[in-house]
Each structure stands twice: as C-alpha cells, then as structure tokens.
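Everything below concerns the one structure shown next.
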Amino acid sequence: MKKILNDVSQYVDDMLEGLVTAHPHLKRIPGTQVIVRTEKGDKVALVSGGGSGHEPAHAGFVGQGMLDGAVAGEVFTSPTPDQVLEAIRAVDSGKGVLLVIKNYTGDVMNFEMAAELARAEGIEVEQVIVNDDVAVEGSTYTVGRRGIAGTVFVHKIAGAAAESGQSLQEVKRIAQKVIDNVHSMGMALLPCTVPASGQPSFDIGEHEMEIGLGIHGEPGTERIPLTDADSIVSMLLDRIFAHTTAVPGDSVAVLVNGLGATPLSELYIANRSVSRILAEKGYKVLRTLIGEYMTSLEMAGFSISILKLDDELTALLDAPTTAPAW
Amino acid sequence: MKKILNDVSQYVDDMLEGLVTAHPHLKRIPGTQVIVRTEKGDKVALVSGGGSGHEPAHAGFVGQGMLDGAVAGEVFTSPTPDQVLEAIRAVDSGKGVLLVIKNYTGDVMNFEMAAELARAEGIEVEQVIVNDDVAVEGSTYTVGRRGIAGTVFVHKIAGAAAESGQSLQEVKRIAQKVIDNVHSMGMALLPCTVPASGQPSFDIGEHEMEIGLGIHGEPGTERIPLTDADSIVSMLLDRIFAHTTAVPGDSVAVLVNGLGATPLSELYIANRSVSRILAEKGYKVLRTLIGEYMTSLEMAGFSISILKLDDELTALLDAPTTAPAW
Amino acid sequence: MNHLSTDTFVSFVEAYANRLVEMRDVLNNLDNRIGDGDHGTNMARGFSAAVDKLKSTPPPDVAVGCQLVAMTLLGSVGGASGPLYSTVFMKLMAEWKGLTEVNRVQLQQGLQAALDGLIARGKASVGDKTMVDLWTPVVRRLAETESVWDGADLMAVVKEAVLGTKDMIAKKGRAAYLGARSQGTCDPGSLSSALFFEELFAAVLPKGAERIQWHTLAL
Amino acid sequence: MNHLSTDTFVSFVEAYANRLVEMRDVLNNLDNRIGDGDHGTNMARGFSAAVDKLKSTPPPDVAVGCQLVAMTLLGSVGGASGPLYSTVFMKLMAEWKGLTEVNRVQLQQGLQAALDGLIARGKASVGDKTMVDLWTPVVRRLAETESVWDGADLMAVVKEAVLGTKDMIAKKGRAAYLGARSQGTCDPGSLSSALFFEELFAAVLPKGAERIQWHTLAL
Ligand SMILES: Nc1ncnc2c1ncn2[C@@H]1O[C@H](COP(=O)(O)OP(=O)(O)O)[C@@H](O)[C@H]1O
Ligand SMILES: Nc1ncnc2c1ncn2[C@@H]1O[C@H](COP(=O)(O)OP(=O)(O)O)[C@@H](O)[C@H]1O
Ligand SMILES: [Mg+2]
Ligand SMILES: [Mg+2]
Ligand SMILES: [Mg+2]
Ligand SMILES: [Mg+2]
Chain Y
507 MKKILNDVSQ
517 YVDDMLEGLV
527 TAHPHLKRIP
537 GTQVIVRTEK
547 GDKVALVSGG
557 GSGHEPAHAG
567 FVGQGMLDGA
577 VAGEVFTSPT
587 PDQVLEAIRA
597 VDSGKGVLLV
607 IKNYTGDVMN
617 FEMAAELARA
627 EGIEVEQVIV
637 NDDVAVEGST
647 YTVGRRGIAG
657 TVFVHKIAGA
667 AAESGQSLQE
677 VKRIAQKVID
687 NVHSMGMALL
697 PCTVPASGQP
707 SFDIGEHEME
717 IGLGIHGEPG
727 TERIPLTDAD
737 SIVSMLLDRI
747 FAHTTAVPGD
757 SVAVLVNGLG
767 ATPLSELYIA
777 NRSVSRILAE
787 KGYKVLRTLI
797 GEYMTSLEMA
807 GFSISILKLD
817 DELTALLDAP
827 TTAPAW
Chain F
507 MKKILNDVSQ
517 YVDDMLEGLV
527 TAHPHLKRIP
537 GTQVIVRTEK
547 GDKVALVSGG
557 GSGHEPAHAG
567 FVGQGMLDGA
577 VAGEVFTSPT
587 PDQVLEAIRA
597 VDSGKGVLLV
607 IKNYTGDVMN
617 FEMAAELARA
627 EGIEVEQVIV
637 NDDVAVEGST
647 YTVGRRGIAG
657 TVFVHKIAGA
667 AAESGQSLQE
677 VKRIAQKVID
687 NVHSMGMALL
697 PCTVPASGQP
707 SFDIGEHEME
717 IGLGIHGEPG
727 TERIPLTDAD
737 SIVSMLLDRI
747 FAHTTAVPGD
757 SVAVLVNGLG
767 ATPLSELYIA
777 NRSVSRILAE
787 KGYKVLRTLI
797 GEYMTSLEMA
807 GFSISILKLD
817 DELTALLDAP
827 TTAPAW
Chain Z
24 MNHLSTDTFV
34 SFVEAYANRL
44 VEMRDVLNNL
54 DNRIGDGDHG
64 TNMARGFSAA
74 VDKLKSTPPP
84 DVAVGCQLVA
94 MTLLGSVGGA
104 SGPLYSTVFM
114 KLMAEWKGLT
124 EVNRVQLQQG
134 LQAALDGLIA
144 RGKASVGDKT
154 MVDLWTPVVR
164 RLAETESVWD
174 GADLMAVVKE
184 AVLGTKDMIA
194 KKGRAAYLGA
204 RSQGTCDPGS
214 LSSALFFEEL
224 FAAVLPKGAE
234 RIQWHTLAL
Chain B
24 MNHLSTDTFV
34 SFVEAYANRL
44 VEMRDVLNNL
54 DNRIGDGDHG
64 TNMARGFSAA
74 VDKLKSTPPP
84 DVAVGCQLVA
94 MTLLGSVGGA
104 SGPLYSTVFM
114 KLMAEWKGLT
124 EVNRVQLQQG
134 LQAALDGLIA
144 RGKASVGDKT
154 MVDLWTPVVR
164 RLAETESVWD
174 GADLMAVVKE
184 AVLGTKDMIA
194 KKGRAAYLGA
204 RSQGTCDPGS
214 LSSALFFEEL
224 FAAVLPKGAE
234 RIQWHTLAL
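Protein chains in written order, with my numbering: chain Y, 507 to 832; chain F, 507 to 832; chain Z, 24 to 242; chain B, 24 to 242.
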C-alpha cells in the first residue's frame with residue numbers, strides 16, 4: 507500500500523483537519539467528524555454524508571447553495587448515529603433538516619436512527635434515499651439499487667432549492683424528483699486499497715475490467731474483457747437507457763465522474779463518446795460535468811450519470827454555490 | 507496499460523472533442539489542437555500550453571479572467587510552432603498577446619519560434635517563462651529550473667490583470683512578479699504510462715518514493731524510502747524555504763497539487779502538514795488550493811507550491827473566473 | 024450451564040474483542056471479496072472501544088453492561104454492522120433488566136429477543152446471506168436442546184451455519200450488489216457472529232467450548 | 024562518394040523514417056529512463072509525415088526536399104527534437120539551394136552548417152549529453168577524412184559517440200533535471216542522430232555502410 511498518510515487510524519481525522527484549514531467557509535464541530543458551514547443559514551438545512559474515501563464527497567459539497575453539513579464515517583463505513591445527530595443539531599435553524607442518504611443498509615440504518623433521535627428532540631427531519639445505480643436491479647425482496655455519483659445532483663439541486671427559501675416539504679419534493687430522474691452506471695480498471703486493510707479490493711488482469719460497480723472498491727456485477735472507450739460508454743449507456751425517464755428529445759444533464767485515479771483526459775475521451783451517442787439518440791445535453799465528484803479512493807474507472815432536466819431542475823442546477831467541489 | 511481510450515493516436519484529438527462538448531464557453535479552432543474562448547475579449551490575451559497529459563492544464567484554465575487560448579501538444583510533447591501561432595492569431599484583439607511558457611527546452615523553442623512568426627505578422631507578442639521547481643538547481647550553464655504546478659498561479663493572476671484591462675507590459679510585469687515569487691516541489695509514489703509507449707515511466711519498489719520530480723512521468727532527483735505525510739511535507743517545504751522570497755510573517759498562497767492518481771483525501775492529509783508547518787514558522791496562509799491543477803497522467807504523488815502574496819497579487823488571485831478548472 | 028454473572032459478561036466481551044482483533048484480517052478479506060473490506064476493522068474497533076468502556080465504567084449488573092456495549096458500538100462501529108450489533112446488546116439489556124446473573128432460560132430468551140431485533144432492524148430473511156443465517160439456527164438449537172447444551176453440538180451448528188452462507192446468493196447487505204457473484208464466499212457478518220457465540224459458549228458452558236479453526240476451512 | 028541526388032535524398036529520408044519506426048521502442052525506452060519517454064514516438068511520427076509529404080509533393084531538387092522535411096517536422100514533432108531536427112533540414116536547405124545533386128564538399132559543408140544551427144538553436148555544448156555530442160565528432164571526422172570516407176571508420180565514430188554519452192551528466196534537455204542520475208543511460212537524441220548518419224552514409228557511400236547492431240549494445 508502506497509499512500510500519503512501518517513497513522514492509518516488518523517486517516518479521516520487528518521483529512522478533515524487539512525480540509526477545514528484549506529476552506530475557511532467550512533468548520534468542523536469539535537470532537538466530531540462533522541463539517542458544517544461557518545455561517546449558518548436561516549433556511550431549510552441539508553445534511554448528507556457516508557463513509558470517507560469518496561472525496562470531494564461529501565464535505566466538498568458543503569457551502570452556500572448546497573449542503574449545510576456533511577458527516578464523515580471511517581473509510582467506506584457509514585457514520586454513526588451520534589455523529590449524524592450532531593450535524594442535524596448544528597445546522598437546524600428551526601426550519602427543518604433534510605437528510606440525503608445513499609441507499610446502503612448501513613447508511614440508511616445509521617441516518618434513520620439519528621433522525622429518530624433528532625425528532626425526539628423536537629427537530630423536524632425528513633429524508634430522501636438516493637438509488638441511482640442501475641447496475642443492480644432493485645426488487646422488493648432485495649436491498650435495491652445503490653446510491654452513487656448521481657447523488658451530487660441531489661445535493662446541488664435540493665441545496666439550491668433550500669437556499670432560495672423553499673419549505674422542507676418543497677425541498678424534499680425537489681430532491682425526490684431528482685432521485686426519480688437520475689440514473690448512473692460505472693466501470694473500473696483497477697481496484698483501490700482501504701488504508702486500514704492495506705490490501706487491494708480485488709485482483710484483476712491486465713486486459714479485464716469490472717462493469718456495474720459502486721463506490722466502495724467492490725467488484726462489479728460482471729468482469730469482462732477491456733475494450734475501447736466508445737464500446738465501454740455504449741455498454742454503460744445502454745443500461746442507463748433501459749431505466750432513464752428521459753426520452754429522445756428531452757433535455758438532460760450528464761456527469762462523467764472519475765473514481766479517483768483516472769486522468770481527466772480519459773474522462774474527456776469518455777465524454778466524447780457519451781455526447782456522440784446522446785446526440786445520435788436525440789437527447790439534448792444542456793449541462794455536462796466532468797471530473798471527480800464521488801470517488802472510491804484511488805480506483806481507476808468512471809461512472810456516467812444522466813439526469814432528465816426540466817426548467818425547474820435546470821434553474822436550480824445553474825444556481826450559484828460556494829461549495830469548493832462544485 | 508489500462509486506459510479509457512479509443513485509438514492511441516487519437517488520444518489528444520478525442521480528449522479535445524470531449525472537452526469542448528462539455529464546456530460550451532470553449533471552442534476548438536478547426537483542424538488544430540488549440541482551445542480558445544467562444545467569446546473573444548477586447549483586451550490583452552494570454553496563451554499557454556504544452557504537452558498533453560497535464561489535464562486540467564491547460565485548456566481547463568481557458569475562460570474569462572484566465573487564459574484566452576491553450577495549445578495542446580501530443581502527450582508530454584511540446585506543441586509545434588504552427589499550432590501556437592494559430593492560437594496567437596485567434597486570440598489577439600490588437601492589444602497584444604502574452605505567452606506563458608514553462609521552462610522546458612522544447613516548450614521554449616517551439617513557443618519562441620511561434621512568437622517570431624507572429625511578430626513578423628505584426629502581432630505584439632511578449633513572453634514569460636515559468637521556472638518554479640526548486641528540485642533542480644538552476645545555473646547559467648544548465649537548462650535551469652522547470653515550470654510545474656506553480657504555473658497555474660501565473661495563469662490566474664496574469665489572467666485577472668488582463669481581464670481588468672491592463673496593458674501588455676503591465677500584464678507581463680505582474681506575470682513575472684508571480685514567477686519571481688512562486689516555488690514548488692513534488693514527489694511521487696507511482697509512475698505513469700504514456701499511452702503511445704504503453705510502458706510505465708519507471709519501476710519503483712513498494713517502500714520507495716521519488717522526490718523532486720516534474721510533471722512528465724520522469725523520475726525525480728532522488729529515490730528514498732517512503733515515509734509518513736508529515737515527514738514528506740517537511741522535506742519538500744525545507745527545499746522550498748531555501749528558495750522562497752517569503753519570510754516569516756509574510757502572507758502566502760498554498761497549492762497542494764495532485765499528480766493524477768492521488769486521492770483528494772491524501773492531498774488534504776498533506777495540506778494538514780503544510781498548514782501546521784507554515785503556521786509554526788510564522789507564515790500567514792491567506793489562500794489554499796487543493797486538487798488536481800497540473801497533473802502527470804495517472805501518476806500518484808503531489809507537489810506543494812508556495813506563492814508569496816502582496817495586496818496586488820491577492821486581489822487578482824481572488825478575482826472571478828469562468829475557467830472550468832479553477 | 025454456569026450463570027452469566029456481570030464479571031463473566033465483561034470477560035466474555037473482552038474475549039470476543041480479542042478474538043475479533045485476531046480475526047480482523049480474515050473478516051476484512053471475506054468482506055473484500057463480497058463487500059467493501061471493512062467488517063473486521065469495524066468490529067475490532069467497536070468491541071475494543073466497548074472493552075475500554077466496560078473497564079473505565081464497571082457496570083453494576085449485566086443489563087447496564089449490555090447498555091454500555093450497545094451505546095459504544097452505536098457510536099464507534101458505523102456501517103451496517105454497527106446498528107445491528109448495537110441492537111443485539113440493546114435487546115439483551117431490555118431482557119436482562121436489573122440482573123446480576125443471567126440463567127439458562129434468560130440467556131435463551133435474551134438471544135431470541137436479540138435475533139428478533141436483528142430481523143426487525145435489518146429486514147433480512149433466512150437465506151439472504153446475512154448474520155441472520157447464523158443467528159437463526161443457533162438460537163433455534165438452543166431452544167431445542169433446552170435441558171442440556173452441548174458445546175460440541177452447538178459449535179457444529181455454528182460452523183455449519185457459516186459454511187452454509189457460502190453458496191447463497193446475497194439479497195441483503197452489500198454483497199447483494201454482486202448478484203450471483205456473491206456465491207462462493209462466506210458472509211463476513213455470519214463469521215463475526217459465529218465468533219460471538221463461540222466466546223459466549225466458552226464463557227458459560229461448564230466444560231467451555233473448543234474454538235473452531237476457521238483458518239483451516241475454505242471460507 | 025556517390026552524389027546525393029534528389030531521388031537518393033528522398034530514399035534516404037524514407038530509410039531513416041523506417042529505421043526510426045523500427046527503433047521507436049528503443050528510443051522511447053532510453054527517453055523513459057532519463058526523459059519523458061516520447062523521443063521514439065516523436066521522431067517516428069515526424070519522419071513518417073515527412074515521407075508522406077515527399078511522396079505527395081515530389082521535390083524538384085534536394086533543397087526543396089529539405090524544406091519540405093523541415094516544415095513537416097516543425098509542424099508534427101514538437102518537443103525539443105522537433106525544432107532541432109527541423110533546424111538541421113533548414114540549414115541543409117540553405118546550403119544546398121537549387122542543387123539536384125550534392126557533392127562531397129557540399130555534403131560536408133551542409134552538415135557543418137546543420138551542426139552550427141543545432142548549437143545556435145539549442146545552446147548545448149559538447150559534453151552536455153545531447154545530440155550535439157553525436158554531431159560534433161561525426162562532422163569533425165568527415166572534415167578530417169576529406170579525401171576518403173570510409174564507412175567502417177565513420178560508423179566507429181558514430182558508435183563511440185553514442186556510447187560516450189552514457190556516462191555524461193546531462194546539462195541540457197530534460198535529462199538535466201535528473202542531475203547525477205542521468206548517468207548510465209545513453210542520450211536518446213544522440214541515438215536518433217546516429218541513425219540519421221547511418222542511413223545517410225548507407226545512401227551515399229559507394230560500398231554502403233553496415234548498420235550498427237544497437238540492440239546488442241548496453242545503451
Ligand atoms: N439487512 C441486514 N440484516 C442483517 N445483517 C446484515 C444486513 N446487511 C448487512 N448485514 C451484515 O453486515 C455485514 C457487513 O457489515 P460491515 O462490513 O461492517 O458493514 P458495511 O456493509 O456497511 O460495510 C454483512 O456481512 C452481513 O452479515
Ligand atoms: N538544448 C539542446 N540542444 C541539443 N539537443 C537537445 C537539447 N535539448 C534536448 N536535446 C535533445 O533532444 C532529445 C530529446 O528529444 P525529445 O524527447 O523528442 O523531446 P522532449 O525532451 O521535449 O521530450 C534529447 O535526447 C537530446 O538529444
Ligand atoms: Mg463499510
Ligand atoms: Mg516530450
Ligand atoms: Mg463492509
Ligand atoms: Mg522526450
């Protein structure tokens with residue numbers, strides 16, 4: 507394992523210290539792994555979070571017009587309810603708090619327990635659960651689809667709605683609308699190494715790739731031979747097309763998200779394929795985001811997210827934010 | 507070699523196509539590898555560029571308040587004079603063009619030849635040469651210090667000066683002032699692979715690191731045992747302290763730049779060490795940038811740049827820009 | 024069986040914590056194959072914290088001990104296993120309110136309540152490839168063999184239950200995302216629960232219980 | 024020697040381009056060790072483009088051929104080697120203006136002018152571990168042996184010059200950034216220039232010239 511770190515057990519702690527010194531509009535609630543804005547808004551507040559290792563998610567999306575608080579667990583481990591509760595308490599201005607949770611058993615359980623505790627203290631708390639990953643077929647008997655990179659659209663758009671003074675119910679409605687209209691799928695060339703374990707998350711051959719994976723270094727739903735960018739993108743988009751609410755002629759936003767070690771140049775090469783295929787199918791790409799928004803440590807690979815846009819979502823997507831990672 | 511690409515010989519071409527479709531305020535001059543703003547400014551214009559493989563540099567810094575044009579060579583290969591000339595012609599509004607060149611034999615020769623050709627056409631052209639890398643001791647008999655990540659401070663600050671309507675000579679003076687006051691040094695854990703060669707740029711053991719390297723996948727000035735973040739940062743800063751114009755009590759801007767495959771979490775961990783050491787020595791860190799600004803494909807490692815600030819530079823550093831990578 | 028006194032409870036938690044540290048890499052490795060590679064780290068971190076807590080605040084009775092463990096796990100484990108193991112100790116606390124000694128019937132009822140709590144919290148069914156697949160047969164066997172608990176017999180159930188998860192296709196937890204690729208690896212949470220029962224039986228059975236040699240098995 | 028006719032010039036450039044493609048990985052590998060790994064790719068790309076140009080626009084004389092090559096290299100190589108090799112052909116063009124046949128004296132003078140141009144453009148001195156360390160002794164030997172050029176003798180100079188760069192500490196070009204670590208690897212630009220002279224001598228010496236077996240040498 508080759509990493510820039512001090513003590514492995516201090517990984518998250520050191521990272522959060524380095525983050526708040528870099529971004530003066532962020533602060534850490536002392537004794538916690540919770541990052542909040544230094545200036546509290548008088549508005550509905552948004553809290554998200556999850557395991558660490560997804561940087562810039564989630565603390566990088568804290569700022570005016572996006573999140574009010576981000577809770578960082580250990581690497582790839584959902585934060586504990588007491589930490590989430592601290593975040594809820596810190597950001598609530600009396601107008602209520604929306605939790606943006608990615609659909610993982612751990613995240614859902616820990617955030618829901620925190621929500622119950624916060625409600626018991628008289629704080630109005632609502633939640634939405636993001637499940638944009640179409641690699642996993644959902645069914646009522648299974649755990650359902652995961653939340654991956656598409657989550658950042660929820661942060662941005664619901665955050666803009668909250669900043670504009672909308673009510674908790676309205677912000678929740680808009681967040682859910684994003685969730686209903688965003689679909690993602692990812693692939694990886696190389697695994698990552700969780701610092702505490704020191705072992706690569708999987709072995710993979712020089713001419714293989716994983717398709718349909720999440721953001722926790724896990725293998726995907728399939729391992730297949732490595733092919734060229736055009737073919738990979740078309741494979742991922744086909745799966746997304748099977749689920750997306752957007753039909754040809756609709757406007758969409760695209761996110762080509764790097765998993766950590768993939769150079770931006772390769773993400774641009776992927777975006778070339780994405781934009782060609784979408785244009786050919788008759789979709790109108792109104793906005794494109796390219797870069798690392800939701801990573802999996804130093805995994806090599808990327809995901810594509812497609813969000814169906816309407817005027818409401820487009821305006822909120824374009825609203826300004828001070829979040830460092832947007 | 508595991509990369510997301512189509513034909514290796516189309517690497518730069520495909521990347522540029524994916525880039526301009528993602529960023530509607532950028533366009534490519536047809537038939538060239540030159541990226542310019544769609545709306546030409548009526549002001550002194552800035553052109554930079556170099557080999558590809560450093561994304562988001564240089565095209566990601568094209569936008570209002572930064573560069574007007576970026577010229578992309580093949581991976582790690584300086585662009586040719588005809589390409590640079592195209593960029594100069596495209597951006598000149600009659601107020602002159604400043605070339606921001608990194609100090610490499612190839613870059614300097616190719617850009618200077620283009621400048622000569624442009625001057626022959628009656629365009630006013632000036633140049634500055636960035637040489638922030640303190641790993642290499644300069645002398646009149648050698649090639650001198652390299653330009654690395656500190657170059658983005660030149661783009662940002664000189665770009666803001668040009669945007670504010672200053673003259674070519676003034677913009678050049680300010681660019682040179684940044685160059686005189688910015689010092690950088692880098693390290694790497696893992697090499698990168700140039701797509702056309704397909705071979706890792708060097709072999710390195712599990713417990714070794716390279717110190718004092720540039721941004722072209724090259725080995726550094728020394729190979730030493732891998733140590734912890736605090737020690738690495740203190741080693742790099744010691745070399746920078748030996749050169750920086752900033753003295754304790756001065757204000758500085760910090761850039762912790764990832765080389766491509768290093769997770770943002772590790773850059774934050776490095777920044778924790780940087781900010782602690784600078785605070786201890788009595789420097790005032792006014793601004794901190796963390797992320798990938800000038801990369802070396804998928805190399806793992808980072809560099810630190812320290813820019814001594816005064817009121818003029820701080821104001822220009824803070825000025826708004828639409829460049830996607832700032 | 025011997026009664027589970029407050030002291031025995033504390034040393035059981037301590038033995039379990041040590042066992043988790045010993046088995047951390049095995050648990051991480053299983054979780055690496057079908058999850059995110061942190062189950063061993065999570066469990067070792069949480070139970071080591073619980074031991075610290077029990078040492079710094081010696082509990083007056085078993086229920087308070089359970090509460091301390093539940094709260095410590097809740098605040099230190101995270102992930103899926105944090106709330107789940109925390110639920111186990113919360114249910115035990117509720118069942119054993121005020122007890123300084125837990126007898127056979129109370130132990131069995133407590134564990135049944137813990138299993139019910141696990142299912143209520145995680146909504147997994149038998150066959151979903153989660154720790155419920157370990158807890159269900161073990162708790163059932165405890166009920167079936169009410170009068171004589173035999174260490175070897177119980178250990179056989181534990182071992183079979185862990186190995187039984189190997190060929191399952193996961194429907195809950197992270198392994199579910201792998202679909203059919205989750206087959207061929209035992210569920211890490213079932214193994215950590217197996218260690219829980221191994222240490223519990225060793226603590227309360229008069230003859231102790233022989234530990235299963237997990238490293239000799241193809242997990 | 025045979026005169027260098029326009030046709031011979033074109034087939035010399037073609038042979039050099041083929042040789043560069045053949046040796047691309049060797050050149051890249053040397054540049055990988057002490058530079059940025061692209062010298063073979065750069066040279067092969069540039070000279071293949073030059074051959075295409077010469078084929079699509081057959082030059083009326085050697086000077087025009089040199090100009091076509093110079094302009095093509097300038098627009099297709101980039102890096103340090105682009106302007107440098109382009110300068111070589113620009114200087115040859117200037118020296119050979121209007122010639123359809125280049126004789127011994129003109130060849131020698133042209134190469135001397137090319138070397139002067141290289142030095143003027145790159146400002147490298149002998150011993151700086153650049154292609155100047157190949158050009159200088161070879162051009163000197165051509166002058167010294169004015170009356171009889173002997174293929175084997177010239178090849179020995181070429182070979183020795185390349186190997187002589189191995190222990191130098193680079194002062195110019197990218198390898199200079201490595202300081203003392205640049206020792207132990209031959210300069211890639213010297214090797215590509217060696218191939219230039221090998222193919223040139225093969226084209227103009229009546230007995231041809233035997234190619235150096237670079238892969239048998241420790242570069
Ligand atoms: N819904 C559930 N019900 C019961 N147990 C579960 C459930 N989901 C996951 N588990 C158990 O949790 C274990 C994984 O825990 P851990 O790795 O610590 O958390 P995470 O999956 O969040 O990384 C699995 O092996 C499984 O036994
Ligand atoms: N200043 C110089 N003068 C002469 N030759 C030089 C100079 N700088 C570099 N070279 C030659 O150029 C070669 C490297 O070329 P190449 O790899 O194509 O360009 P780059 O260094 O820009 O990647 C070196 O091996 C050296 O022989
Ligand atoms: Mg986890
Ligand atoms: Mg180069
Ligand atoms: Mg796990
Ligand atoms: Mg090179």
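Each residue gets a CB set at the ideal place from its N, CA and C atoms; glycine is no exception. None of these values were measured; they are calculated from a predicted model.
request  = For T159/Z, name the three-state secondary structure that DSSP assigns.
outcome  = helix
ask   = Taking just the CA atoms, how far does Q682/Y sit from Q633/Y?
value = 9 Å
key: Within 7 Å of chain Y by C-beta, residues of the region 768-779 of chain F in sequence order   = T768, P769, L770, S771, E772, Y774, I775, A776, N777 and R778
task = Whole angstroms is fine: what's the gap from A655/F's alpha carbon to I629/Y's?
result = 47 Å
query = Looking at G13/B and ligand 6, is the gap between the Cβ and the nearest heavy atom below 6 Å?
reply = Nothing can be reported for residue 13/B: it is not among the residues displayed for chain B, which extend from 24 to 242.
ask   = Using a threshold of 6 Å, is the CB atom of S104/B nearer than that to any non-hydrogen atom of ligand 2?
value = yes
key: heavy atom of ligand 4 below 6 Å from F582/F C-beta   = yes
message = Using DSSP's beta-bridge definition, name the partner residues of K837/Y.
response = What is shown of chain Y runs 507 to 832, which leaves residue 837/Y out entirely.
task = Would you check if the region 582-591 of chain F and the region 544-560 of chain F touch, i.e. whether three or more CB-CB distances between them fall below 8 Å?
result = yes
message = Could you check whether the Cβ of P850/F sits closer than 7 Å to any Cβ belonging to chain B?
response = As displayed, chain F neither begins before 507 nor continues past 832, which places residue 850/F out of reach and without an answer.
ask   = Nearest-angstrom Cα distance between E233/B and A225/B?
value = 7 Å
query = Over what stretch of residues does the alpha helix (DSSP H) that includes M693/Y continue unbroken?
reply = Taken as a continuous stretch (DSSP letters only), M693/Y belongs to no alpha helix (DSSP H), being part of the beta strand (DSSP E) at V688 to L696.
ask   = When DSSP builds the beta bridges, which residues end up paired with I541/Y?
value = R534/Y and A576/Y
ask   = Where does E618/Y fall in DSSP's three states?
value = helix
message = For the beta strand (DSSP E) containing K790/Y, name the first residue and the last one.
response = K790 to G797
task = Answer yes or no: do R651/Y and G720/Y have a C-beta to C-beta separation smaller than 7 Å?
result = no
key: Listed by chain order, chain Y residues near Y200/Z by CB distance under 7 Å   = V642, R652, G720 and E724
request  = Run down chain Y in chain order and give the residues with a C-beta less than 9 Å from the C-beta of S781/F.
outcome  = E523, G524, T527 and A528
Neighbour flag for G133/Z against chain Y, beta carbons, 7 Å = no
query = Mind checking whether K195/B and A147/B have CB atoms under 7 Å apart?
reply = yes
ask   = Any residues in the region 103-129 of chain B with a beta carbon nearer than 7 Å to a beta carbon of chain F? Which ones, in chain order?
value = A103, G105 and P106
request  = Round the Cβ separation of N65/B and G102/B to the nearest angstrom and send it over; I've been treating them as touching at under 8 Å.
outcome  = 5 Å
CB contact check: N51/Z to chain Y, cutoff 7 Å = yes
message = With a threshold of 6 Å (Cβ to nearest heavy atom), would D156/Z be considered close to ligand 8?
response = Inclusion of ligand 8 in the displayed structure is not the case, the ligand content consisting of ligand 1, ligand 2, ligand 3, ligand 4, ligand 5 and ligand 6 alone.
task = Report the residues of the region 60-78 of chain B with a CB closer than 9 Å to any CB of chain F, ordered along the chain.
result = G60, D61, G63, T64, N65 and R68
key: Residues that DSSP places opposite E714/Y in a beta bridge   = P731/Y
ask   = D639/Y touches chain C at which residues, Cβ-Cβ below 9 Å?
value = The structure shown has no chain C; the protein chains it does contain are Y, F, Z and B.
query = Between A190/B and ligand 2, is the CB less than 6 Å from at least one heavy atom?
reply = It should be noted that the sequence gives Asp, not Ala, for residue 190/B. Incorrect: D190/B has no Cβ contact closer than 6 Å to ligand 2.
query = Does any residue of chain Y bring its CB to less than 7 Å from the CB of E470/F?
reply = Absent from the structure is residue 470/F, since the part of chain F shown begins at 507 and ends at 832.
message = Below 6 Å, is the gap between the Cβ of K195/Z and the nearest heavy atom of ligand 1?
response = yes
request  = Name, please, each residue of chain Y whose Cβ falls closer than 8 Å to the Cβ of S558/F.
outcome  = S771
key: Closer than 7 Å at the beta carbon, the chain F residues around I796/Y   = A528
ask   = With a cut-off of 8 Å, do at least 3 Cβ pairs link the region 604-612 of chain Y to the region 86-103 of chain Z?
value = yes
request  = In angstroms with no decimal places, state the Cα-to-Cα distance between S216/B and L157/B.
outcome  = 7 Å
inquiry  = Would V791/F and V753/F qualify as a contact pair, given that the criterion is a beta-carbon distance under 7 Å?
reply    = no
task = Give every residue of the same chain whose Cβ lies closer than 7 Å to the Cβ of V243/Z, excluding the five residues on either side of it in the sequence, and list them in chain order.
result = The requested residue 243/Z does not occur in the structure, where chain Z is confined to residues 24 to 242.
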